[in-house]
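Below you'll find the structure, written out as structure tokens, and then a few comments.
Chains as they are written, first to last, in my numbering: chain A, 1 to 257; chain B, 1001 to 1312.
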């Protein structure tokens, strides 16, 4: 395929994905907005007012970056895992397999779709948060790069999950038992400096910690880890997961006999 | 002229150890209407699956219009359109979107994609349903949708796995006409079918596959010439208790009382008619017992399954 044809194929996959999640917006876009509003009200306003400042900021201000990241993570992951597994289940993935689209374009197309949903939900949650607090924006470039890389990494995570999944239960196990605990323990609601040294060190192996802190640095200018180091970790996770995903596609894991 | 499809020594062993293809060779010429026939589990769908890149081959060489599928799979795929046996589109998507999206996967821009989708949906009688979700279509319409989708990038070779399975007679006939038309216009067609009358009516060349081996691969006329005995069913105007003795012919009665007459190739029916006439037995109607190709197919498969048989 020529570069122009590859571009058309890539855009086709993205458009198809965006059309899918916007068609079912009550399932894909509305729930995170409602959930995050509840977080803002309960944790930020009601409980947060009694907690007091954290790292020099109101508790509400402190948790908003983490909650935005949380919605980006879950939405990017959920979009790719459900869409790709759905295509496997309905066998409509065969439409792509018979076509000349290279595997890396298929992968980037699905990841691009996941990123679109993740970033759209992240933007909606950010706008909602402005009703409760103000966001000073310490470093806009950091905010944008972190959001892009995070949605990229978790879209890839969703893709790998979908490749291995053989039934619908398999696509909810990882979000429930891995993603949610890691997100809650990734410094969304607290600074890891509050933890005993052992738990601080254990927290450093949690990839979500780097995403939350890099994003929080971009908005508030504070972070538990060096922002540059956090970005480097995000790039590393992205490269590793992209390589694994592409390898799975080449092998046809679960999609070719 | 370059062959539309070249398959050499193709084999496939699935993970469980099942050997679906045992080194098959197939050669299909450009413009051909080719049938791959075989009983269930013979290896038909596996062969087509390898062509469609849905099945990874274990060994062998596959080329489409001379392009090696291992060396340049993307280019080879642009020559192929594939209609699978099972419905494999997103049931929630609109008919028109399914077709234009597929065009996009082939790098076809939106304008040409819309033109091609419009043309094929009209030709296949689906234009009125273009805005319906695919799940709202009838079984026959879904099958036509898959044909339109396979044609949207205007492939040179169209592969159809059981295209008329579960389709009513009227629709089957209209699909035959459509396939014959695009074949006349230059598209090579390769199909598998359980309806042997379909293969006999449409195809010029036929391969018979069983247990992962090609038993026959020749043109239809040559294949039918191998049929040494043909059985005719004669409905008689008188009820007989036993079959009449007809010199030079073998005859018997079936349970409905009709006369089964076996006629060897080149023998003709006149001799039998004369003898029946002399015996005062009238014939009210006559038909062949089975489709000719079906008789031959069953015989070849039976021979292949016989103990000690040597595959062709």
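Glycine residues also receive a C-beta, built at the ideal position from the N, C-alpha and C atoms.
Counted within 10 angstroms of its Cβ, other Cβ atoms place residue i as buried (16 or more) or exposed
i: residue 163/A; result: buried
i: residue 1312/B; result: Only weak support is given to the placement of residue 1312/B: the predicted model assigns it a pLDDT of 42, under 50, and the question is left unresolved by the model.
i: residue 1302/B; result: exposed
i: residue 229/A; result: exposed
i: residue 1007/B; result: buried
i: residue 61/A; result: buried
i: residue 177/A; result: exposed
i: residue 169/A; result: exposed
i: residue 1026/B; result: buried
i: residue 1183/B; result: buried
i: residue 1014/B; result: exposed
i: residue 1310/B; result: In this predicted model, residue 1310/B has a pLDDT of only 45, less than 50, meaning its place in the structure is not dependable; the value taken from the coordinates is given anyway. It counts as exposed.
i: residue 1162/B; result: buried
i: residue 307/A; result: Beyond the ends of chain A as shown, which are 1 and 257, falls residue 307/A; an answer cannot be given.
i: residue 1102/B; result: buried
i: residue 1045/B; result: buried
i: residue 1177/B; result: exposed
i: residue 44/A; result: buried
Enclosing beta strand (DSSP E) for residue i [first to last residue]
i: residue 1012/B; result: 1005-1013
i: residue 1216/B; result: 1213-1219
i: residue 1022/B; result: 1019-1028
i: residue 1286/B; result: 1283-1288
i: residue 1059/B; result: 1059-1064
i: residue 1205/B; result: 1205-1210
i: residue 1082/B; result: 1080-1083
i: residue 1252/B; result: 1250-1253
i: residue 1159/B; result: 1157-1161
Other residues of its chain near residue i: CB distance less than 7 Å, five sequence neighbours each side excluded
i: residue 1204/B; result: 1032, 1033, 1219, 1220
i: residue 191/A; result: 54, 55, 224
i: residue 244/A; result: 160
i: residue 36/A; result: 67, 71, 125, 128
i: residue 1210/B; result: 1038, 1039, 1042, 1301, 1304
Neighbourhood of residue i by C-beta distance below 8 Å, restricted to the same chain and skipping five residues each side
i: residue 102/A; result: 1, 6
i: residue 1068/B; result: 1061, 1062, 1076
i: residue 1167/B; result: 1139, 1140, 1143, 1175
i: residue 165/A; result: 81, 85, 88, 171, 254
i: residue 1146/B; result: 1083, 1084, 1087, 1088, 1089
i: residue 1297/B; result: 1037, 1196, 1208
Limits of the alpha helix (DSSP H) - the one that residue i falls within
i: residue 51/A; result: 48-51
i: residue 1241/B; result: Where residue 1241/B is concerned, there is no enclosing alpha helix (DSSP H), given that its DSSP letter is neither H nor E.
i: residue 234/A; result: 227-251
i: residue 1034/B; result: Unbroken run through residue 1034/B is the beta strand (DSSP E), 1033-1037; no alpha helix (DSSP H).
i: residue 254/A; result: From DSSP, residue 254/A is part of no alpha helix (DSSP H); its letter is neither H nor E.
i: residue 1262/B; result: Per DSSP, residue 1262/B belongs to no alpha helix (DSSP H); it is in the beta strand (DSSP E), 1259-1264.
i: residue 222/A; result: Taken as a continuous stretch (DSSP letters only), residue 222/A belongs to no alpha helix (DSSP H), as it is neither H nor E.
i: residue 125/A; result: 103-129
Beta-carbon proximity of residue i to residue j, cut-off 8 Å
i: residue 1212/B; j: residue 1051/B; result: no
i: residue 107/A; j: residue 255/A; result: no
i: residue 188/A; j: residue 212/A; result: yes
i: residue 1229/B; j: residue 1188/B; result: no
i: residue 1010/B; j: residue 1192/B; result: no
i: residue 1090/B; j: residue 1134/B; result: yes
i: residue 1113/B; j: residue 1152/B; result: yes
i: residue 95/A; j: residue 1249/B; result: no
i: residue 33/A; j: residue 158/A; result: no
i: residue 1088/B; j: residue 92/A; result: yes
i: residue 1236/B; j: residue 1259/B; result: yes
i: residue 69/A; j: residue 215/A; result: yes
i: residue 310/A; j: residue 83/A; result: One cannot answer for residue 310/A here, as it falls past the ends of chain A, which runs 1 to 257.
i: residue 1190/B; j: residue 1159/B; result: yes
i: residue 1238/B; j: residue 1198/B; result: no
Own chain residues within Cβ distance below 6 Å of residue i, not counting five before or after
i: residue 155/A; result: 76, 80, 111, 114, 115
i: residue 1024/B; result: 1010, 1214
i: residue 1246/B; result: 1272, 1275
i: residue 1217/B; result: 1207
i: residue 1287/B; result: 1233
i: residue 1243/B; result: 1251, 1252, 1253
i: residue 233/A; result: 210
Contact test: residue i Cβ vs the ligand GTP heavy atom, cutoff 7 Å
i: residue 1262/B; result: Judged by which ligands are present, the structure shown has none, so any question about the ligand GTP falls away.
Neighbouring residues, chain D, relative to residue i (Cβ below 7 Å)
i: residue 1074/B; result: You won't find chain D in this structure, because its protein chains are A and B.
Members of the stretch 1048-1060 of chain B near chain A, C-beta cut-off 8 Å: 1049, 1052, 1053, 1054, 1055, 1056
Cβ-based contacts, 9 Å cut-off: residues of the stretch 62-90 of chain A near chain B: 86, 87, 90
Near-chain A residues of the stretch 1077-1097 of chain B - C-beta to any C-beta below 9 Å: 1077, 1078, 1080, 1081, 1082, 1084, 1086, 1087, 1088, 1089, 1090, 1091, 1092, 1093, 1097
Short-range partners of chain A found in the stretch 1113-1133 of chain B, where Cβ spacing is below 7 Å: none
Residues of the stretch 26-55 of chain A with Cβ closer than 8 Å to any Cβ of chain B, in chain order: none
Contact list for the stretch 1023-1047 of chain B against chain A, Cβ threshold 7 Å: none
Where the stretch 1245-1261 of chain B meets chain A: residues whose CB sits under 7 Å from a CB there: none
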